[in-house]
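Per my numbering, the first sequence starts with residue 7, numbered consecutively. Note that the Cβ used here is the ideal one computed from N, Cα and C, for glycine as well. Notes follow the structure.
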Amino acid sequence: MSEPDDRSLKERTRFDPSEVEPRILAAWLASGLFHPEPEGTPEENFSIAIPPPNVTGALHMGHALNGSIQDALIRYHRMRGQRTKWILGTDHAGIATQTQVERQLLGEGTSRAELGRERFVERVWDWRRRYGGTIIEQFKRLGASADYADERFTFDEDYARAVTHVFVSLFDKGLIYRDNYLVNWDPGSRSAISDLEVVPREVTDSLFMIAYPLADGDGELVVATVRPETMLADTAVAVNPGDARYAHLIGREAILPLVGRRLPIIADDYVKVDFGTGALKITPGHDPNDFEIGRRHGLEQISVIGEDGRLTAAAGERFAGLPVADAQVAVVAALEEAGALRGREPYTHEVPFSDRSGQRIEPLISLQWFMRMEELAAPAIEAVRSGAVRIHPEGQSRRYMEWMENIRPWCVSRQLWWGHRLPVWYCDACEETYVAAAAPERCGLCDGELRRDEDVLDTWFSSGLWPFATLGWPERTPALAAFYPTDVLATARDIVFLWVARMMMLGIELTGRPPFHDVYVHSVILAPDGRRMSKSLGNGVNPLEEIDRHGADAVRFGLLAMSSTQDVKYSAEKIAQGQGLANKLFNASRFVLLSIDPDAPAQARPAAIEDRWILSRLARVERETTRRLEAFDFAHAALGLYDFVYGELCDWYLELVKGRLAADSPDRGAVSSTLLFVLRETLALAHPIIPFVTEEVWSYVRQPDEGLLAGGGFPVADETRLDPQAEAEVEWAIAATQAVRAWRDEVAIKPKIVIPVRILADGHHEVRALVARMARLRLDQADAAADAVASVAVPGGTVEVLAGEGVDLGAHADRLAKRRADLAFEIEGMRARLENAAFVAKAPPKVVALRRARLAALEAELEGL
RNA sequence: GGGCGGUUAGCUCAGCUGGUCAGAGCGCCUGCCUUACAAGCAGGAGGUCCCCGGUUCGAGCCCGGGACUGCCCACCA
Numbered sequence: 007m008s009e010p011d012d013r014s015l016k017e018r019t020r021f022d023p024s025e026v027e028p029r030i031l032a033a034w035l036a037s038g039l040f041h042p043e044p045e046g047t048p049e050e051n052f053s054i055a056i057p058p059p060n061v062t063g064a065l066h067m068g069h070a071l072n073g074s075i076q077d078a079l080i081r082y083h084r085m086r087g088q089r090t091k092w093i094l095g096t097d098h099a100g101i102a103t104q105t106q107v108e109r110q111l112l113g114e115g116t117s118r119a120e121l122g123r124e125r126f127v128e129r130v131w132d133w134r135r136r137y138g139g140t141i142i143e144q145f146k147r148l149g150a151s152a153d154y155a156d157e158r159f160t161f162d163e164d165y166a167r168a169v170t171h172v173f174v175s176l177f178d179k180g181l182i183y184r185d186n187y188l189v190n191w192d193p194g195s196r197s198a199i200s201d202l203e204v205v206p207r208e209v210t211d212s213l214f215m216i217a218y219p220l221a222d223g224d225g226e227l228v229v230a231t232v233r234p235e236t237m238l239a240d241t242a243v244a245v246n247p248g249d250a251r252y253a254h255l256i257g258r259e260a261i262l263p264l265v266g267r268r269l270p271i272i273a274d275d276y277v278k279v280d281f282g283t284g285a286l287k288i289t290p291g292h293d294p295n296d297f298e299i300g301r302r303h304g305l306e307q308i309s310v311i312g313e314d315g316r317l318t319a320a321a322g323e324r325f326a327g328l329p330v331a332d333a334q335v336a337v338v339a340a341l342e343e344a345g346a347l348r349g350r351e352p353y354t355h356e357v358p359f360s361d362r363s364g365q366r367i368e369p370l371i372s373l374q375w376f377m378r379m380e381e382l383a384a385p386a387i388e389a390v391r392s393g394a395v396r397i398h399p400e401g402q403s404r405r406y407m408e409w410m411e412n413i414r415p416w417c418v419s420r421q422l423w424w425g426h427r428l429p430v431w432y433c434d435a436c437e438e439t440y441v442a443a444a445a446p447e448r449c450g451l452c453d454g455e456l457r458r459d460e461d462v463l464d465t466w467f468s469s470g471l472w473p474f475a476t477l478g479w480p481e482r483t484p485a486l487a488a489f490y491p492t493d494v495l496a497t498a499r500d501i502v503f504l505w506v507a508r509m510m511m512l513g514i515e516l517t518g519r520p521p522f523h524d525v526y527v528h529s530v531i532l533a534p535d536g537r538r539m540s541k542s543l544g545n546g547v548n549p550l551e552e553i554d555r556h557g558a559d560a561v562r563f564g565l566l567a568m569s570s571t572q573d574v575k576y577s578a579e580k581i582a583q584g585q586g587l588a589n590k591l592f593n594a595s596r597f598v599l600l601s602i603d604p605d606a607p608a609q610a611r612p613a614a615i616e617d618r619w620i621l622s623r624l625a626r627v628e629r630e631t632t633r634r635l636e637a638f639d640f641a642h643a644a645l646g647l648y649d650f651v652y653g654e655l656c657d658w659y660l661e662l663v664k665g666r667l668a669a670d671s672p673d674r675g676a677v678s679s680t681l682l683f684v685l686r687e688t689l690a691l692a693h694p695i696i697p698f699v700t701e702e703v704w705s706y707v708r709q710p711d712e713g714l715l716a717g718g719g720f721p722v723a724d725e726t727r728l729d730p731q732a733e734a735e736v737e738w739a740i741a742a743t744q745a746v747r748a749w750r751d752e753v754a755i756k757p758k759i760v761i762p763v764r765i766l767a768d769g770h771h772e773v774r775a776l777v778a779r780m781a782r783l784r785l786d787q788a789d790a791a792a793d794a795v796a797s798v799a800v801p802g803g804t805v806e807v808l809a810g811e812g813v814d815l816g817a818h819a820d821r822l823a824k825r826r827a828d829l830a831f832e833i834e835g836m837r838a839r840l841e842n843a844a845f846v847a848k849a850p851p852k853v854v855a856l857r858r859a860r861l862a863a864l865e866a867e868l869e870g871l
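Dropping the structure here:
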C-alpha cells in the first residue's frame with residue numbers, strides 16, 4: 007500500500023500528479039495485481055495482447071491512446087473480478103531496428119558490411135539490451151497495468167521456435183512456396199517488401215512517345231511511357247484488340263530501338279485505347295501490369311535493373327552501371343539521337359514508394375518466398391461474417407472483408423540480417439531444398455554441403471503470431487490454456503490489414519480459433535494542424551511531456567475524450583479538461599473527508615431529497631459508464647463521468663449539503679455516510695479512466711481490510727435507487743436557483759445580500775429551502791402580504807421579491823421589458839403550432855399536451871409580469 | 001477510377017430510433033478571494049446546424065442533387 011503524502015490533506019489544495027504518480031505506480035507494481043497466475047479458462051478470464059511497439063520506439067500519441075484504451079478495459083475487467091492479463095512486449099521490427107543500428111555504426115565509422123552478419127546481429131542484440139526497455143518504462147508512466155513481470159519479445163528464443171515451427175508447417179501444407187515473381191523492390195533497404203508497405207505518392211514525370219519501327223517494311227508504332235529506361239527490357243508491344251487503328255498490326259513484329267530485338271505486337275484488353283498512343287510497350291521484368299500481361303501471353307522476362315538500383319549488364323554496355331535516373335536521361339538522349347523520340351510531355355501520376363525507406367519502388371523479378379493467402383483468408387472472412395469476431399466500429403469490418411476477399415500472395419522473405427532467418431537450406435550440388443525446424447547435417451541425396459538461406463522473414467510474419475506465441479504456443483502451456491483466445495484487440499486503423507488481418511488468418515489456421523472476439527479500431531491522433539504527426543514535419547506532440555505538464559490522468563482522459571471512430575486532431579483542451587477533472591475530484595474528496603463525521607460508515611442513508619437525487623444520478627452514471635465501456639465508447643464514458651463529477655456532484659450536491667454537515671446538524675451522520683458512499687463509488691467508477699487520482703484518494707477512504715482500488719470492485723448500478731421524482735424536484739430547484747441568480751446578477755444585487763422573497767408555484771415544497779440556500783433568499787417573511795417589488799420567473803411559477811435592504815432595482819424595468827418581449831415571441835410560436843389542426847391531429851398526444859402545458863406556463867408568467 | 005466518412009458557437013467537437021436539441025470544453029464579457037478547489041465560483045454574450053430541393057403536422061436528424069474536405073482501396077503506360 008502506498009504511503010500517503012506527509013502533508014495533511016488540508017494543506018494539499020491541489021492535486022499534484024508529479025508527486026503522486028511515482029508513488030502510486032510503485033504501489034501497483036509491488037501489489038502483483040498486474041501479474042495474474044495462469045488459471046481458469048479464457049471464457050472467465052480477460053486478456054488483451056498489446057500491439058507490440060517497435061523495440062526501437064519511443065512512446066508517441068498513438069501508443070498513448072492505444073494504451074489508454076486497453077488500460078481502461080483491463081482495469082474495468084480486473085475490478086469486476088476477472089483474472090486479467092495484459093500481454094506486454096516489443097517487436098524486433100526488422101527494418102526499423104536494423105536501420106537504427108546501422109546509423110549508429112555509421113557514426114562509429116564502420117558499417118554492417120564491415121562487421122559481417124554474425125557480429126552485426128550481436129550488435130543489434132546489444133542495442134536491444136541497452137535501449138529496448140525504454141518504451142516499456144514509458145508505458146508505466148501512462149499508468150498502463152500490463153503484465154510487466156512477463157514481458158515478451160518477438161525475437162526471444164521461445165518465440166523464434168514458434169516462428170520456425172509455423173514456417174515449416176505451412177511449407178509442409180503447401181501454403182508457403184518459393185517463386186520467381188515481380189516484387190516491390192526497395193532500393194533503400196535493399197529488400198523486397200510487401201504490397202502493404204508500399205505507399206503511393208504523386209509525382210510529376212515525363213511521358214515519352216517513342217517510335218518502334220515495324221519489322222516488315224515501313225511504318226512505325228509509337229508507344230507512350232514514363233519509364234523509357236525500361237524499354238531495354240521490352241519483350242512485346244500491346245494494343246487493344248478492338249482498336250481499329252492497330253488491328254492490322256496484331257501478330258506482326260516491331261523492332262526495339264537501341265536494342266534491335268524483334269517484338270511481337272499482341273492484343274490485350276488491358277491496353278486503354280484512349281490513353282497515350284493506344285500502344286503499350288510491354289516490360290514484364292519491370293512493371294507489375296506488364297508482368298501479368300507477359301504471363302498471359304507467354305512472353306520472355308528480361309531484367310535490366312539490378313537490386314542496387316543500377317542497370318545491369320543485360321542493359322548493354324552503353325547503359326550498364328547507371329543508376330535508373332541517369333539511365334533514363336541516357337536512354338532518352340540515345341533515342342533522340344536515333345530519331346526515335348516522337349514527343350515528351352509532363353505527366354503527373356501516382357507512383358509507389360517504400361513506406362520504410364522513402365525510396366521509389368523498383369519492381370523487379372526476384373526469387374522470393376511467398377505465402378498463399380486465399381485458403382487462410384476464407385475462414386478469417388467467415389469468422390467476421392458469422393459474428394464470431396466483431397469489428398468496431400462497424401464500417402471497418404467491410405473494409406476488412408473487401409481486403410480479405412481480394413487478397414494476394416504475401417511475399418514473406420526479406421533481404422535483411424535482423425530478423426527470423428528462414429529455416430531453409432539448399433544443396434548447391436543437387437539443387438535440393440530442405441525446410442526444417444533443425445538444420446539437416448548434409449544433403450540427403452548427394453551427401454553434399456548445405457547452405458542456409460540468407461533471408462529473414464517479414465516482421466509481420468512473427469507479429470502475426472503475437473496473441474498465442476507470447477503465451478508459449480505451440481507448447482500447451484498453462485498461460486495459453488488460461489488466456490487464449492484473448493478478448494479484445496485494440497489498434498489504430500493503419501495496421502488493420504498489416505497486422506490484425508494476419509493475426510486472424512494465422513490464429514485460426516494454427517490454433518483453430520480466432521485470436522480475439524472483438525477488434526476495436528480507434529482513431530489516429532493527428533497533429534493540431536490536421537496532418538499526421540511526424541518527426542520530419544516537427545508537428546508531433548510528445549505524450550511524456552504532456553504527462554509531465556498535466557499528469558497521466560489528464561492525458562488519458564483527454565485522449566479517450568477526443569477519441570472517435572475517425573481520425574481526430576489532437577486537442578490540448580481535452581487534456582486540460584482531464585486535468586481539471588482530476589483536480590476537481592481531488593478537492594471534492596478533500597472537502598468530503600475534512601467535513602464529514604469521521605465515524606460515519608460509508609453507506610447510502612438518504613435523509614433528504616437531495617440525497618435521493620444524487621444516489622439516483624449516481625446509479626444512472628454507473629449504468630451509463632458501464633454500458634459505454636462495454637460498447638468501446640470511451641469518449642462518452644469519459645465525458646459522462648466529467649459531467650457527473652462537475653455538474654452534479656460538485657456544483658450541486660456538495661453545495662446543497664454543506665449546511666447539513668455542521669457539528670450540530672441533526673443528520674450530520676446520515677449525510678456523512680451518504681457522501682462517503684457516493685465518493686467511494688465515484689472513485690471506483692472513474693478509476694479505469696483516471697487511475698492515479700482515484701487510487702490516491704482511495705488511500706484515504708479505504709477500510710482497513712481493503713486493498714488497492716485497482717484490485718477493488720467496480721460499482722454496479724443499484725437500479726432501486728433510481729428516483730425520477732427526486733430528480734424532477736431537484737432539477738426544478740436547480741432551474742429556479744439559476745433563474746434567481748441570473749436575475750440577481752442582472753439587477754446587480756450584491757452576492758452576499760439575502761433577499762426576502764415569496765415563491766409562487768405549485769408544489770416543490772420539499773426543495774424550496776434548497777433554492778433559498780443556493781440563491782441566497784429568505785422565505786420566512788412574516789409579513790406575507792408585503793408588496794412585491796419585482797418578480798422572477800421560474801419553471802411553473804414565479805418568485806416575488808419583497809422590499810428589503812440592498813434590493814435596488816434600477817435595472818429591473820429594462821429586464822422586465824426584455825422578458826416580456828421574449829415571452830410574447832415564444833407564446834406566439836407556441837400558439838401557432840397548437841392552432842395547426844394537422845399538428846394537433848397527428849402528433850402524439852403526449853407531445854401536444856407538453857406544448858399546451860408549456861404555453862399555459864408562458865402565459866401565466868407573462869400575466870405575472 | 002472506385003468506396004467510405006466529415007461539414008453544428010471564435011476554436012475543438014457532442015447531438016441515440018425525426019417532437020424542450022440547438023449543446024459541452026476552451027476562448028470572450030461581467031461579478032465574486034462565498035472557510036474543497038482562483039488551474040476556482042456565479043452569471044452572460046455568441047450559431048441562416050455547408051447549399052438547393054423533397055418527405056412529414058414537425059428535420060442538424062430521413063430522401064434526392066450539389067459544394068467543400070479527409071481517409072481507404074486500385075495495375076491507366
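- Just checking, does the region 563-578 make contact with the region 41-49 on the three C-beta pairs under 8 Å criterion? no
- With a threshold of 16 other CB atoms inside 10 Å of the CB of P23, please say whether the residue is buried or exposed. The residue given as residue 23 occupies position 17 in the first sequence. Buried, because 16 or more other Cβ atoms sit within 10 Å of the Cβ of P23.
- Message: Contact between the region 87-101 and the region 733-747 is defined here as three or more beta-carbon pairs at a separation below 8 Å; is this criterion met?
- Response: no
- Query: From which residue to which residue does the beta strand (DSSP E) around H355 run?
  - Reply: The count along the first sequence starts at 1 and reaches residue 355 at position 349. Taken as a continuous stretch (DSSP letters only), the beta strand (DSSP E) holding H355 covers 347-360.
- Message: According to DSSP, is N548 part of a helix, a strand, or is it coil?
- Response: For this step, residue 548 is matched to residue 542 along the first sequence. N548: coil per DSSP, three-state reduction.
- Message: I need the straight-line Cα distance from A64 to V703, nearest angstrom please.
- Response: Walking along the first sequence from the start, residue 64 turns up at place 58. Walking along the first sequence from the start, residue 703 turns up at place 697. Rounded to the nearest angstrom, the two C-alpha atoms are 31 Å apart.
- Query: Mapping DSSP to helix, strand and coil, what is C656?
  - Reply: The residue you call residue 656 lines up with position 650 of the first sequence. In the structure shown, C656 sits in a helix (DSSP, three-state: H, G or I).
- Message: Quick check on DSSP: helix, strand or coil for R20?
- Response: The sequence position of residue 20 within the first sequence is 14, counting from 1. If DSSP states are grouped into helix, strand and coil, R20 belongs with coil.
- How many whole angstroms separate the CB atoms of E368 and I311, which I take to be in contact at a CB cut-off of 8 Å? As a working note, residue 368 is residue 362 in the first sequence. As a working note, residue 311 is residue 305 in the first sequence. Sure, about 6 Å apart at Cβ, within 8 Å.
- Item | Three-state secondary structure assigned by DSSP to G803 | As a position in the first sequence, residue 803 is number 797, starting the count at 1. In the structure shown, G803 sits in a strand (DSSP, three-state: E or B).
- Query: Is there contact here, the region 288-306 with the region 262-275, by at least three beta-carbon pairs under 8 Å?
  - Reply: yes
- Could you please give me the residues that DSSP links to N884 through a beta bridge? For the chain, the structure presents residues 7 to 871; residue 884 sits outside this window and is missing.
- Between P294 and the rest of its own chain, which residues show a CB-CB distance below 7 Å, the 5 nearest in sequence each way excluded? For the purposes of this step, residue 294 is taken as residue 288 along the first sequence, with counting starting at 1. L188, P369, listed in sequence order.
- Task: Work out the CA separation of N412 and R348 for me, nearest whole Å.
- Result: Reading the first sequence from its first residue, position 342 is the one you call residue 348. Reading the first sequence from its first residue, position 406 is the one you call residue 412. One C-alpha to the other measures close to 39 Å.
- Identity of the residue in I387, V418, P415 nearest E408 by Cα: Position 402 of the first sequence, counting from 1, holds the residue named residue 408. The shortest C-alpha separation from E408 is found at I387.
- Cα-Cα separation, A669 to V663: Mapped onto the first sequence, residue 669 falls at position 663. Mapped onto the first sequence, residue 663 falls at position 657. In a straight line, the C-alpha of A669 is about 13 Å away from that of V663.
- Where does K590 sit, in a helix, a strand or coil, going by DSSP? What you label residue 590 is simply residue 584 of the first sequence in a count that begins at 1. DSSP places K590 in helix when its eight states are reduced to three.
- Item | Cβ separation of P358 and V204, assumed to be a contact under 8 Å, to the nearest whole Å | Counting from one through the first sequence, the residue named residue 358 turns up at place 352. Counting from one through the first sequence, the residue named residue 204 turns up at place 198. Confirmed, about 5 Å.
- Task: Assign A558 to one of two classes, buried (16 or more other C-beta atoms within 10 Å of its C-beta) or exposed (fewer than that).
- Result: Counting from one through the first sequence, the residue named residue 558 turns up at place 552. Burial call: buried.
- Task: Give, in chain order, every unbroken run of the beta strand (DSSP E) that is at least 3 residues long and sits entirely within the region 522-571.
- Result: 524-528
- Query: Could you give the C-beta distance for V338 and P234, rounded to a whole number, given that I count them as a contact under 8 Å?
  - Reply: Taking the first sequence and counting its residues from 1, one reaches residue 338 at position 332. Taking the first sequence and counting its residues from 1, one reaches residue 234 at position 228. Taking the Cβ atoms as the reference, V338 lies roughly 6 Å from P234, within the contact range of under 8 Å.
- Query: What are the start and end residues of the beta strand (DSSP E) that includes P219?
  - Reply: Within the first sequence, numbered from 1, the residue matching residue 219 stands at position 213. For P219, the enclosing beta strand (DSSP E) stretches over residues 204-219.
- Task: Report yes if the C-beta distance between L486 and L477 is below 7 Å; otherwise report no.
- Result: As a first step, residue 486 must be located in the first sequence, where it is residue number 480. As a first step, residue 477 must be located in the first sequence, where it is residue number 471. Yes, the pair counts as a contact, with Cβ atoms nearer than the cut-off.
- Can you have a look at Q709 and say buried or exposed, based on whether 16 or more other CB atoms are within 10 angstroms of its CB? For the purposes of this step, residue 709 is identified with residue 703 of the first sequence, where counting begins at 1. Result: exposed.
- Query: CB L635 to CB A643, shorter than 7 Å?
  - Reply: The residue labelled residue 635 in the question sits at position 629 within the first sequence. The residue labelled residue 643 in the question sits at position 637 within the first sequence. In contact: L635 and A643 (Cβ atoms closer than 7 Å).
- Query: Can you name the start and end residues of the alpha helix (DSSP H) that F52 belongs to?
  - Reply: Counted from its first residue, the first sequence places residue 52 at position 46. It is not in any alpha helix (DSSP H) - F52 instead sits in the beta strand (DSSP E) that spans 52-55.
- Item | Closest residue to A389 among A326, P48, P521, V684 (Cα-Cα distance) | As a working note, residue 389 is residue 383 in the first sequence. Taking only the C-alpha atoms, the option nearest A389 is P521.
- Query: By how many angstroms is the C-alpha of D453 removed from the C-alpha of A166?
  - Reply: By one-based count along the first sequence, residue 166 stands at place 160. By one-based count along the first sequence, residue 453 stands at place 447. Taking the straight line joining both Cα atoms gives about 28 Å.
- Closest to H693 by CA distance: which of E515, S53, E25, R84 is it? Indexing the first sequence from 1 puts residue 693 at position 687. Of the candidates E515, S53, E25, R84, the residue whose Cα lies closest to the Cα of H693 is R84.
- Other residues of its chain near P10: CB distance less than 8 Å, five sequence neighbours each side excluded: On the first sequence, residue 10 is found 4 positions in, with the first residue counted as 1. The pLDDT assigned to P10 is 49, lower than 50, so where the model puts this residue is not dependable, and the model offers no usable value.
- The alpha helix (DSSP H) enclosing A877, as first and last residue numbers: The shown model of the chain, from 7 to 871, leaves out residue 877, and the question about it has no answer.
- Nearest-angstrom Cα distance between E552 and F21? Within the first sequence, residue 552 is the residue found at index 546, counting from 1. Within the first sequence, residue 21 is the residue found at index 15, counting from 1. Taking C-alpha positions only, E552 is separated from F21 by approximately 16 Å.
- Query: When burial is assigned at 16 or more other CB atoms within 10 Å of the CB, is K541 buried or exposed?
  - Reply: Numbered from its first residue, the first sequence carries residue 541 at position 535. Exposed, because fewer than 16 other Cβ atoms sit within 10 Å of the Cβ of K541.
- For Q609 and T465, the rounded distance between their alpha carbons: Translated into the one-based positions of the first sequence, residue 465 becomes position 459. Translated into the one-based positions of the first sequence, residue 609 becomes position 603. Straight-line Cα distance between these residues: approximately 54 Å.
- Task: Measure the alpha-carbon distance for P352 versus R366 and round it to whole angstroms.
- Result: In the first sequence, the residue the question calls residue 352 occupies position 346. In the first sequence, the residue the question calls residue 366 occupies position 360. In a straight line, the C-alpha of P352 is about 19 Å away from that of R366.
- Query: Assuming A152 contacts I56 under a Cβ cut-off of 8 Å, what Cβ separation, rounded to an integer in Å, is found between them?
  - Reply: Numbered from its first residue, the first sequence carries residue 152 at position 146. Numbered from its first residue, the first sequence carries residue 56 at position 50. Contact holds; Cβ gap of about 6 Å.
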